[in-house]
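Residue numbers (the working numbering), protein chains in the order written: chain A, 1 to 607; chain B, 1 to 312.
Glycine included, each C-beta is placed from N, C-alpha and C at the ideal position.
Have a look at the structure below, then the notes.
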Amino acid sequence: MFAMKHKEKRLLVIALIAATFVLTGCDNSSSEKDSDEMVLRHVLFTKIKGLDPGNVRDVYSNTVTSQICETLYQYHFLKRPYEIVPLLAEGMPQISDDFLTYTIKIKKGVRFQDDKCFPGGRGRELKAEDFIFAIKRTANIKYLSQNWSMFDGKIAGLDEFRRITKGCESEEDVDYSREVEGLTASDEHTLVIKLKKPWPQLVGTALADIATAPIAKEAVYSYGRDIVSHPVGTGPFILKEWRRGSYVELIRNPNFRGEPYPSEGGPGDAKAGYLDDAGRIMPFADRIVWTVIEEYQPAWLLFLQGKVDNSPIPKDNYNEAITETRELTTAMKQRNIRLEKFSDPSTFWLGFNMQDSVLGKNKPLRRAISYAIDREEFIEIFFNGRHLVAHGIIPPLMDSYDPNIKEKGYARYDPEKGRELLKEAEKINGGQLPVLKMAVPGTDSFYRQFGQFLKRHLTAIGVNVDVEYMDWPTYMEKVNTRSVQMFCSGVRASIPDDEDFLGMFYSKYWAPGSNRFNYLNPEFDKLYEKIEVMFDSPERRELYRKMELIVLEDCPAAFLNHRVVFALHHDWYKNYKPHAFAYGMSKYRRIDMKKRAEYKDLLKKIK
Amino acid sequence: MTSYIIRRLLYTIPIVFGVLLLTFVLFTLVGGDISIEIAGKGATQETIEEIREEYGLNKPLFLAWDSQFINHFKSALTFDFGRARDREPIIGKIKRGVGPSLALTVPMFFGIVIISVSLALVVASVRGSIWDILAVFICVAGMSIPYLSFILFGQYFLAYKWGLFPVFFSPDLTMAQYVALPVLIGIAAGLGGNLRFYRTVMLDEMRSDYVRTAFAKGLDTKRVLFKHVLKNAMVPIITRVVLAIPFLFLGSLLLERFFGIPGLGYLMIEAISSRDYFVINAMTYISAILFVVFNLITDICYSLVDPRISLE
């Protein structure tokens, strides 16, 4: 009897433990704080590094920081081609006749978010001095900002200010009240910037970049080095919680002045519903949650469950989402999922180190390698046929893209020509070519397949290659110290201007600068120096094309592909117009709460 | 025993010094200069030099009071590991990650040990039977399936298809909710190897003379297994169990990554991939200390379970 009781007791304990385990683990949706709050739910595919605008340089950190801190200008949400419009500025800048002085009026009544760094905790009004502080901070060498290169040699007196900071003990010892000739405030709401030489991209590059977004100086002094996790800005959202490597949660900023949703857009925007909210005061969402998910499976499953609003299409799930005709599958349509396709201003390549003793002096060899790669097969295998073949540097989205570029360079598949050129290359080399080394910036299966693909094509024309797979930091170190022969890389434009692409071939930017090819062509340099100070015009666009042809002729890279993005979103996720420079966009997004609530029933019905 | 413990603690000094020297040589001398990478794209030489100064990379490596090695040594001894590359204090990162990591690894660890030791006893008692063969077959099958397959399968079916668990971490969930599935998966994946090991240990004991004597004296199977076999099998069990404890601190890399558990496994892999040597050094140092301490605990436990073992 006793034994029986004992056994029963044990079974009961086991059952209780199991039940607790299952019940606590059960996906109980009621625990989610959805209620009537409008919550935007997104995924970050890599962790963010910091939320201090002065030192933000990566896409993901920028995505979050730009909801908290604002810039003077931004790119219009709907209009295409991209148009720069004021954000914290009252209007477009007044530019002096010599193009050296910019006078910018700042909106009045803009307040920083409330924070304990302010007296009484109440956010003060934004002033022109705050922009000066932001730019000086980037110049402070002790602050180690990654954004300094943007201002290097551009603003009068700023380089001298930077030199002075070098003598300071630490970041905190720098005297920001020291005057800089090119950065002054003629009154509390007027910022005056004086340049050393014309800089046409000032507004589009610097003043629309998160690096110049004001962060309250009270917060900088109060939080010291912890400012990376205490951004105090003027934006529509404020940071509620950031658990590093896990999630970021923002809530609506009660001090935000409120901005009206655009009333004008591009052709077709009204029909697509992008103007439904015209004139309504933004932001619409109460809360934004970004969860860091570095693996595609959980991100995809959460999207299908309706727990995140939008998603890219992981390569392994492509056939589940997209048909052979590049449309949504029935399964996706049943879930009311929408597909957005858009061209990304990016170019990827196999680069050659022009200072390498074998590749640098052998133009036929570089051209032969470029002819060896079947780009269409490459895109089919690695990107499900989504991307576009890159025949040049400038991607199709840009104004100066040449539609006939295919015929003008060496970025096309022609193995026969490649073999012929290789004979010439061997003559230049004085005999058989050595085994070339190719640096690939990753060690996972994707990069290994990628390396194998390139190796197969190069071997097919007789070029022997040793593929070196390495982690990103090692790769960067090798590229920056100019110790690679061939390297796989790419770039995405940060502004709708081709300077980003062409600057990569300017000889003053050799590695560790952006010219990782270590390319030098005096004719190109001369043209670059000319376009650098030119404002947008048909003449400048013509020069861009000319410069692209010079580069294609010298072939410092085998251009491979331009990215085309296929993005999915649920039909409840409104105002999701693809934007190539999508920073500070969460204020435009709106959730159709009724549709989101109905999704659970829809899933049951589908099952 | 006290003198033994003191002696063993003194032995830890050269071990810790060795670990510090090794991590320094590996990351500073072999790993190379990280200043270019920290400086980011398009950085000037001036910025790179400033970073070298900020991180003390321009100081001599060994032969100076203010050398990089001495500073590395000092920071370890004082547990002041400084800031990670993202400017967050490292100790803060570790403190924050310990909870989630242990919430995952501790139940997983106890689950695996309790289930595998209990099953091993049962299976060993019916050795040669269909149940024993079946258990060995399942163990081998379980060991042959990659860990990642357990994760993908569990996440897809248990969480996504059947909705029994959340697919991924969310700030709206309690810790119990988001660690439940990874714990289950961890137990399922770890059971095969452990069960086989403990079965072998139990079988070794079952073949001993004292077991035959016990059965000859008429003791029932339950008593022989739990009172005699289990007790005598404790030494290899303790070795395996106690020495595994320091690794609990390191969390579980794959599970943390696939389920978004913000633990130390995740922190470690992030640090390795971004070459954040400051974090790697801190984690390696703490792990080494834990390993030394638990080694000592293992030895003490031996003497407690087996009076024949003398610590002197």
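With respect to the beta strand (DSSP E) encompassing MET438 (chain A), which residues constitute its N-terminal and C-terminal limits?
Note, MET438 (chain A): beta strand (DSSP E), 436-440.
Only counting the same chain, and skipping five residues up and downstream in sequence, which positions put a Cβ closer than 7 Å to that of ARG541 (chain A)?
These residues qualify, in order along the chain: ASP399, SER400.
Whose Cβ in chain A lies nearer than 8 Å to the Cβ of ASP86 (chain B)?
By Cβ distance, chain A contributes LYS49, GLY50, VAL228, ARG244.
How would you list, in chain order, the residues of chain B whose beta-carbon sits under 9 Å from the beta-carbon of MET585 (chain A)?
None at all; the shortest Cβ gap to chain B is about 22 Å.
So, is ILE322 (chain A) buried or exposed, given that buried needs 16 or more other C-beta atoms within 10 angstroms?
The residue is buried, with at least 16 neighbouring Cβ atoms inside 10 Å.
Taking the alpha carbon of ARG96 (chain B) as the point to measure from, which residue in B:LEU290, B:PHE278, B:TYR266, B:TYR302 has its own alpha carbon closest?
Cα-wise, what sits closest to ARG96 (chain B) is B:TYR266.
Quick one: give me the first and last residue of the beta strand (DSSP E) that ASP608 (chain A) is part of.
The structure shown has nothing for residue 608 (chain A), since chain A only spans 1 to 607.
So, is the C-beta of PHE157 (chain B) closer than 8 Å to a C-beta in chain A?
Cβ-Cβ to chain A under 8 Å: no for PHE157 (chain B).
For TYR47 (chain B), return the contacting residues in chain A, with the cut-off set at a CB-CB distance below 8 Å.
A small correction: the amino acid at residue 47 (chain B) is Thr; Tyr does not occupy that position in the sequence shown. Under the 8 Å cutoff, chain A gives ILE141, LEU144, TRP148.
Comparing C-alpha positions only, which one of A:TYR576, A:ALA372, A:ARG243, A:LEU602 sits nearest to HIS457 (chain A)?
When each option's Cα is compared against that of HIS457 (chain A), the closest is A:ALA372.
Near VAL242 (chain B), what residues of its chain come up, given a Cβ to Cβ distance below 7 Å and the 5 sequence neighbours on each side ignored?
Excluding residues within five positions, the ones whose Cβ falls inside 7 Å are PHE294, ILE297, THR298, CYS301.
Which residues in the same chain have their Cβ closer than 6 Å to the Cβ of ARG80 (chain A), if we skip the five residues on either side of it in sequence?
Within the same chain, ARG80 (chain A) has close Cβ partners GLY266.
Based on the DSSP secondary-structure assignment, which residues constitute the bridge partners of PHE352 (chain A)?
DSSP lists A:MET486 as partners of PHE352 (chain A).
Which residues bound the alpha helix (DSSP H) around PHE197 (chain B)?
Looking at the DSSP string, the run of the alpha helix (DSSP H) that includes PHE197 (chain B) is 175-206.
Is DSSP giving PHE517 (chain A) helix, strand or coil here?
PHE517 (chain A): coil per DSSP, three-state reduction.
Say whether chain B places a C-beta atom closer than 8 Å to the C-beta of ARG335 (chain A).
No, because no Cβ of chain B sits closer than 8 Å to the Cβ of ARG335 (chain A).
Assess, as a yes-or-no matter, whether the segment 222-240 of chain A is touched by the segment 102-119 of chain A under the definition of 3 or more beta carbon pairs within less than 8 Å.
The answer is yes - the segment 222-240 of chain A touches the segment 102-119 of chain A, with three or more Cβ pairs under 8 Å.
Mark GLN305 (chain A) as exposed unless 16 or more other C-beta atoms lie within 10 angstroms of its C-beta, in which case mark it buried.
GLN305 (chain A) is buried by the Cβ-count criterion.
LEU119 (chain B) to VAL126 (chain B), Cα distance in whole Å?
Their backbone Cα atoms lie some 11 Å apart in a straight line.
For LEU57 (chain B), which residues of its own chain have a beta-carbon under 8 Å away from its beta-carbon, when the five flanking residues on both sides are left out?
So the list reads ASP33, ILE34, SER35, ILE51, GLN68, once near-sequence residues are dropped.
Using a Cβ cut-off of 8 Å (strictly closer), state whether ILE90 (chain B) contacts chain A.
It does not: the Cβ of ILE90 (chain B) has no partner Cβ on chain A nearer than 8 Å.
How would you list, in chain order, the residues of chain B whose beta-carbon sits under 8 Å from the beta-carbon of ARG492 (chain A)?
Here the premise fails: no neighbours, minimum Cβ distance about 12 Å.
Taking the CB atoms as reference points, tell me whether ALA390 (chain A) and ALA411 (chain A) lie closer together than 8 Å.
Against a cut-off of 8 Å, the Cβ pair of ALA411 (chain A) and ALA390 (chain A) comes out as a contact.
My assumption, with CB atoms under 8 Å, is that ILE13 (chain B) sits in contact with ALA282 (chain B). Please give the rounded CB distance.
Not really, about 19 Å apart at Cβ, beyond 8 Å.
With 9 Å as the C-beta to C-beta threshold (strictly closer), list the residues of the segment 243-268 of chain B near chain E in chain order.
As a matter of chain content, chain E is missing from the structure shown, whose protein chains are A and B.
Taking DSSP's pairing of strands, which residues face LYS194 (chain A) in a bridge?
According to DSSP, which records beta bridges pairwise, LYS194 (chain A) is partnered with A:THR101.
With a threshold of 8 Å between beta carbons, is ARG52 (chain B) in contact with chain A?
Closer than 8 Å: no.
Kindly confirm or deny that the segment 151-167 of chain B and the segment 175-183 of chain B touch, where touching means at least three C-beta pairs closer than 8 Å.
Contact holds: three or more Cβ-Cβ distances are below 8 Å.
Please state whether the Cβ-Cβ distance between PRO549 (chain A) and LEU527 (chain A) is less than 8 Å.
Reading off the sequence shown, one finds Leu at residue 549 (chain A), where the question assumed Pro. Against a cut-off of 8 Å, the Cβ pair of LEU527 (chain A) and LEU549 (chain A) comes out as no contact.
I need the DSSP call for MET631 (chain A), collapsed to helix, strand or coil.
Nothing in the structure corresponds to residue 631 (chain A), since chain A is present only between 1 and 607.
Cβ closer than 9 Å: which chain B residues qualify as neighbours of PRO312 (chain A)?
Within chain B, no residue comes near PRO312 (chain A); the closest Cβ sits about 16 Å away, beyond 9 Å.
Figure out for me which residue from A:PHE256, A:SER186, A:ALA134 has the closest Cα to the Cα of TYR221 (chain A).
Per the Cα distances, A:ALA134.
What does the Cβ neighbour count give for LEU146 (chain B), buried or exposed, with the cut at 16 atoms within 10 Å?
Residue identity differs from the one stated: residue 146 (chain B) is Pro in this sequence, not Leu. So PRO146 (chain B) ends up on the exposed side.
At the level of alpha carbons, what is the spacing between VAL25 (chain B) and ALA64 (chain B)?
If you take the alpha carbons of VAL25 (chain B) and ALA64 (chain B), they lie about 16 Å apart.
Please report the straight-line C-alpha distance between PHE259 (chain B) and PRO312 (chain A), rounded to a whole angstrom.
Going by the C-alpha atoms only, they are around 19 Å apart.
Closer than 8 Å is the cut-off here; do at least three beta carbon pairs connect the segment 569-588 of chain A with the segment 319-338 of chain A?
Enough Cβ pairs lie closer than 8 Å, so yes.
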